[in-house]
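Everything on this sheet refers to the single structure shown next.
In the working numbering, the protein residues as written are 1 to 773.
Rendered as structure tokens:
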């Protein structure tokens, strides 16, 4: 059986230590040489086949919420001018080239790690680039709100519109509105810092609580935007509050795309063997991971799992699955701050070196080629079916502890368990049909003859024919699709890739290519400094506040420092100019003193003609006047400097006062919110008490009614007993009276009988009674 090209690398890296101390050093040296040899050979071979861009991106975006008609066009569907629009599906990974459109009265929410992107109605958003270092979005129309929690070193987040390019420099809250009717774009910085670029190499920096509107592509000021928060801002603020209160963020990094939905559909627990685990609350009977969804081909990863569950993104693209008792648990493991995305953490079965050769019986048509898969358990390394470097594979698996046993036979924990393996026909696999409707029941015999796929050629390389998707309910206008964007910042868009290259080669030069300093490395003739907009001018109005935050962000020190950097540089320039002027005056005074000393010395020596006293006095007066003018100019500059410092102090005081007002407003809102929460809690407590009281009253009434019924039943029983006793007494009385009557009759009959026996006369008409009677 042909082994996977990375299996030997893993076996060599994580092979168990030798039990013999004398052989340990020799084995370590051999393993090291083997690792180096395999790495060099594999990297060279793949580099020849794939070129310089070997590894796929380590992060993707994900559509996790769609309210109303939301349409999607994949990067490889249709043409750039006429893409194939379909209804957007949740949990499908989004990457460079994909497009989204929200129809009328629709909204949507996406996530790229910890960054949230929210789209208002009738908004067109394209992913121009999405990789580890650069995120480039195209907003052709509509409103976009971004909550950026983290920007790692070397990362760049850029939004292009038909009017400008906006580069986010710091974490914060941002909003962009692109209006094609008025040919304007509004940029709002609720918190953070960013720079706006135009076609003429001009740049404008926006700080916290600033907004600006521009028309055309030359950053021409436009009419100011709205002064109050709209429903879209309130909706985004509510979504932010939900994320701020996430419980899952305590167990896993926020950079895991899809962590936001885990709180509503599962619970976290601590396991002695695996640490923190997550268990879904409601799954079907006999459910297994990767059993309800479908496979789709998404470049450059290839076959990618798209789950049907609303929480089905993070647990199927990060971490591992473990069966604990009768339940399945997701084990995230020790994930780094920047986890690497995987298309599906499974191992395939049903293939060999010659392609698919595992046949499964489906229905009555006889055995047909099938493909199966099962989830990887904790400790089992992920071996991608696409080409990747050993460095990429190591980053993919650095959150787990690889089993120390060398997996020569490619035997996994769940490979032989029918309840864990999902299998469908090859035709259903390549067409992307839903798995839960075409899943096949397997036996132990089927699994025993199912080899693990170790060769990329064993799986279909591309879908031969896709299943027809649901058509889009709303389509964007054709003019919006073809509308160009500002694209003159190509030199700046490569900064993220240069940073990635610097990570690969730390010896390379490190130019200051951060978003705020990109112009410093540009040629002097093409460099235009980005000036911050002062408050109070057109296009720099404070944005509409977003009420309802539980804990609004405090003033960002980095944003304040960025706002104070330009005034400090101006002050330093003024101080340098003053110092230069003082040095010039000092040199001039020293020169005049040296000249006078030389003239005096020449006069004493008689080597110079006598100087006219009037000319000498005039020269001294001119020197004094020049000195006075220099002093006056210096005093004027000092006064101007003091005025500038006072103006800066006033601006700082105004900013601090504004920040204090915002903090006070936030505290008041928090107090009001706490009061509302307390009132709601008190109201709930009162309602609960009223319910308890009503339940107690009902229980008391029920108990009294039952007691009355029991008493009535007792009285009825007593009455029945009395009636029975009375009837028994009456029967006894009747019996006694009957016995008494019979006795009287017998007593009355005895004298007559005695007279007849003695021979006396018998009364006439009375027959002779027999002895028996």
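Positions of the beta carbon are idealized from the N, C-alpha and C atoms, including for glycine.
For residue 264 and residue 252, what's the separation of their Cα atoms in angstroms? 16 Å
Environment of residue 292 [buried if 16+ CB atoms lie within 10 Å]: buried
What does the Cβ neighbour count give for residue 396, buried or exposed, with the cut at 16 atoms within 10 Å? buried
Reference residue 137; option with closest CA among 121, 269, 176 and 625: 176
The alpha helix (DSSP H) with residue 448 in it runs from where to where? 444 to 448
Under 6 Å Cβ to Cβ from residue 118, same chain only, skipping five residues before and after it: list those, please. 109, 145 and 236
Rounded separation between residue 475 and residue 83 - CA only: 10 Å
Nearest-angstrom beta carbon gap, residue 90 and residue 60 [assumed within contact, 8 Å]: Rounded, the Cβ-Cβ distance is 14 Å, inconsistent with contact.
Out of curiosity, what's the CA-to-CA distance linking residue 165 and residue 79? 25 Å
In terms of residues, what are the limits of the beta strand (DSSP E) holding residue 101? 99 to 102
Just checking residue 295 against the ligand FAD - is the residue's beta carbon closer than 8 Å to any of the ligand's heavy atoms? This structure lacks the ligand FAD; in fact it carries no ligand of any kind.
Chain C contact for residue 128 (CB, 9 Å cutoff): The chain labelled as chain C is not found in the depicted structure, where only one protein chain is given.
Between the segment 268 to 283 and the segment 176 to 191, do at least 3 Cβ pairs fall closer than 8 Å? no
Residue(s) in a DSSP beta bridge with residue 267: 279
At which residue ranges does the segment 188 to 242 contain complete beta strand (DSSP E) runs of 3 or more residues, listed in the order of the chain? 194 to 197, 203 to 206 and 210 to 215
Should residue 704 be labelled buried (16 or more other beta-carbon atoms within 10 Å of its own) or exposed? exposed
Of the choices 260, 297, 448 and 727, whose alpha-carbon is the least far from that of residue 114? 260
Sheet register partners of residue 774 (DSSP bridge): With the chain represented from 1 up to 773, any question about residue 774 goes unanswered, as that position is not in the structure.
Looking at the structure shown, is residue 323 part of a helix, part of a strand, or coil, going by DSSP? strand
Unbroken stretches of the alpha helix (DSSP H), 4 residues or longer, contained in the segment 414 to 438: 426 to 431
Between which two residues does the alpha helix (DSSP H) carrying residue 393 extend? 390 to 396
Separation of residue 342 from residue 445, as counted between CA atoms: 31 Å
Identify the residues that DSSP records as bridge partners of residue 134: which are they? 156
Return helix, strand or coil for residue 316, following the three-state DSSP convention. helix
Please determine, among 459, 66 and 323, the residue with the shortest C-alpha to C-alpha distance to residue 371. 459
In the DSSP output, which residue or residues are listed as bridge partners for residue 370? 425
Presumed contact (8 Å Cβ cut-off) between residue 276 and residue 322, rounded CB distance: Their Cβ separation, rounded to whole angstroms, is 12 Å, which puts residue 276 and residue 322 out of contact at 8 Å.
Just to confirm before moving on: does the CB-CB distance between residue 390 and residue 301 stay below 9 Å? no
Does the segment 316 to 332 come close enough to the segment 277 to 284 that 3 or more CB-CB pairs lie under 8 Å? yes
Taking the straight line between their C-alpha atoms, what separation do you get for residue 741 and residue 734? 10 Å
In whole angstroms, what separates the C-alpha of residue 188 from that of residue 658? 17 Å
Coil, strand or helix - residue 335 by DSSP: coil
Could you please give me the residues that DSSP links to residue 141 through a beta bridge? 124
Thinking C-beta only, is residue 453 closer than 9 Å to residue 348? yes
Classify residue 286 as buried or exposed, calling it buried when 16 or more other Cβ atoms lie within 10 Å of its own Cβ. exposed
Considering Cα atoms alone, identify which of 67, 311, 290 and 298 is closest to residue 282. 311
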